[in-house]
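Trainee: First the structure, then my questions, so here it is.
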Amino acid sequence: MALAAFLVALVLGWCPLTALGAIVLAAIALRRIRRPGVARTGNGLAIAAMVIATGILFTEGWLLGELQTEVQESMEAQAVDSIEASMTVLPAVAAEWEERSTPPSENERAEFARQITAQAGAVRQVTVTRRSVEGLTDPTISTAFNASCERGTVFGNATFATVPATLPPKLVLRSIEVEFAGVRVQLPAADAAPTTPPSLPPTSPLPAPSTP
């Protein structure tokens, strides 16, 4: 059993479940070896298996934590860049919008940025204050932010979609809404009120039947 634990840890230890299995096998082997009247062969293999499997688990946990930190930092940087670009007139790099939905036109994007600039001035710094993720197969990232501008602070919300098969996930804007001094603007623009179907013209009353 000590040899089996060593081989499992050495060959299949890259998988967390098999690494745990190797630790369990090694513990069982050590317990059996220490019984009275049992030859103490394989003690070193069992200990080596436990050390290897434990080291692999710690390494995988560290790598997973590093990857999670990298993904979070990348998503926040992308969100800040997209928000700042969408609020800036003639940005150096335009914000990328989701193509699966109906993205706003160039004129709508320019008008959105002009309205913000007219109200609050140029954007100096964008800070993401909250981020949440919804959905598994097609996740939507919702962010709340505040933007420090020349004449005050703008508060808003932005939603992002992710480009499939990208790691760290590539974010593309789906919508953005900001509010400053009671003025609220958003992209894409709010849908116009639904039109009511035309009503039929009133019918004239039927003539009363004539009596003989």
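Residue numbers for the sequence shown, in my numbering: 1028 to 1239. Each residue gets a CB set at the ideal place from its N, CA and C atoms; glycine is no exception. Keep in mind the model is a prediction, meaning the values are calculated, not measured.
1. Kindly identify the DSSP beta-bridge partner or partners of Q1152.
2. Helix, strand or coil for P1228, going by three-state DSSP, please let me know.
3. With burial defined as no fewer than 16 other Cβ atoms inside 10 Å of the residue's Cβ, what is the status of L1044: buried or exposed?
4. Are the Cβ atoms of A1177 and G1148 separated by less than 8 Å?
5. W1124 and P1131: beta carbons closer than 8 Å?
6. By how many angstroms is the C-alpha of N1173 removed from the C-alpha of T1086?
7. State the beta-bridge partners of V1160 as determined by DSSP.
8. Could you name the residues of the same chain whose beta carbon sits closer than 7 Å to that of V1160, not counting the 5 residues immediately before and after it, in chain order?
9. What are the partner residues of R1211, as DSSP defines its beta bridges?
10. Note down, in chain order, each residue of its chain lying with its Cβ closer than 8 Å to the Cβ of Q1142, except the 5 sequence neighbours on either side.
11. Using a threshold of 8 Å, state whether the C-beta atoms of V1155 and T1115 are closer than that.
12. Determine the closest residue to F1182 out of V1153, G1071, L1198, with distance taken between C-alpha atoms.
13. Out of curiosity, what's the CA-to-CA distance linking A1053 and G1092?
14. What residue range does the alpha helix (DSSP H) around R1136 cover?
15. Decide if A1192 is buried, meaning its Cβ has at least 16 other Cβ atoms within 10 Å, or exposed.
16. State buried or exposed for Q1095, treating a residue as buried only when at least 16 other CB atoms are found within 10 Å of its CB.
17. Would you say the beta carbon of F1182 is closer than 7 Å to some non-hydrogen atom of the ligand FMN?
18. Which word fits V1120, buried or exposed, when buried means at least 16 other C-beta atoms lie within 10 angstroms of its C-beta?
19. Between A1137 and A1080, what straight-line distance do the alpha-carbon atoms span, to the nearest angstrom?
Mentor: In short:
1. Here residue 1152 refers to the residue found at position 125 when the sequence shown is read from its first residue. By DSSP's assignment, Q1152 forms a beta bridge with S1175.
2. Position 201 of the sequence shown, counted from the first residue, corresponds to residue 1228. Per-residue confidence for P1228 stands at a pLDDT of 44, beneath the threshold of 50, marking its modelled position as unreliable; the derived number appears in the next sentence. P1228: coil per DSSP, three-state reduction.
3. On the sequence shown, residue 1044 is found 17 positions in, with the first residue counted as 1. Around the beta carbon of L1044, a 10 Å sphere encloses fewer than 16 other beta carbons of the protein chains shown; the residue is thus reported as exposed.
4. Your numbering for residue 1177 matches position 150 in the sequence shown. Your numbering for residue 1148 matches position 121 in the sequence shown. The identity of residue 1177 in the sequence shown is Glu, whereas the question assumes Ala. Yes, they are a contact pair.
5. By 1-based counting over the sequence shown, the position of residue 1124 is 97. By 1-based counting over the sequence shown, the position of residue 1131 is 104. Result yes, Cβ atoms of W1124 and P1131 sit closer than 8 Å.
6. Along the sequence shown, one-based indexing puts residue 1086 at 59. Along the sequence shown, one-based indexing puts residue 1173 at 146. Near 38 Å, if we compare the C-alpha coordinates of N1173 and T1086.
7. Residue mapping note: residue 1160 aligns to position 133 of the sequence shown, counting from 1. Looking at the DSSP assignment, V1160 forms a beta bridge with I1168.
8. Counting from 1 along the sequence shown, the entry for residue 1160 is found at position 133. Same-chain partners within the cutoff: P1166, I1168.
9. Taking the first residue of the sequence shown as position 1, residue 1211 is located at position 184. Residue pairing for R1211: DSSP places it in a beta bridge opposite E1206.
10. In the sequence shown, residue 1142 corresponds to position 115, counting from 1. Within its own chain, the residues whose Cβ lies closer than 8 Å to the Cβ of Q1142, once the five positions on either side in sequence are excluded, are V1210, V1212, listed in chain order.
11. In the sequence shown, the residue the question calls residue 1155 occupies position 128. In the sequence shown, the residue the question calls residue 1115 occupies position 88. Against a cut-off of 8 Å, the Cβ pair of T1115 and V1155 comes out as no contact.
12. For the purposes of this step, residue 1182 is taken as residue 155 along the sequence shown, with counting starting at 1. Among V1153, G1071, L1198, the Cα nearest to that of F1182 belongs to V1153.
13. Residue 1053 sits at position 26 when you count from the first residue of the sequence shown. Residue 1092 sits at position 65 when you count from the first residue of the sequence shown. C-alpha separation (whole angstroms): 27 Å.
14. Residue numbering aside, residue 1136 sits at position 109 when the sequence shown is read from its first letter. Looking at the DSSP string, the run of the alpha helix (DSSP H) that includes R1136 is 1133 to 1147.
15. Residue 1192 sits at position 165 when you count from the first residue of the sequence shown. The residue is exposed, with fewer than 16 neighbouring Cβ atoms inside 10 Å.
16. Position 68 of the sequence shown, counted from the start, is the residue given in the question as residue 1095. Exposed: under 16 other Cβ atoms inside 10 Å.
17. The ligand FMN is not part of the structure shown, which contains no ligands of any sort.
18. For the purposes of this step, residue 1120 is taken as residue 93 along the sequence shown, with counting starting at 1. Flag for V1120 reads exposed.
19. By one-based count along the sequence shown, residue 1137 stands at place 110. By one-based count along the sequence shown, residue 1080 stands at place 53. The alpha-carbon atoms of A1137 and A1080 are separated by roughly 57 Å.
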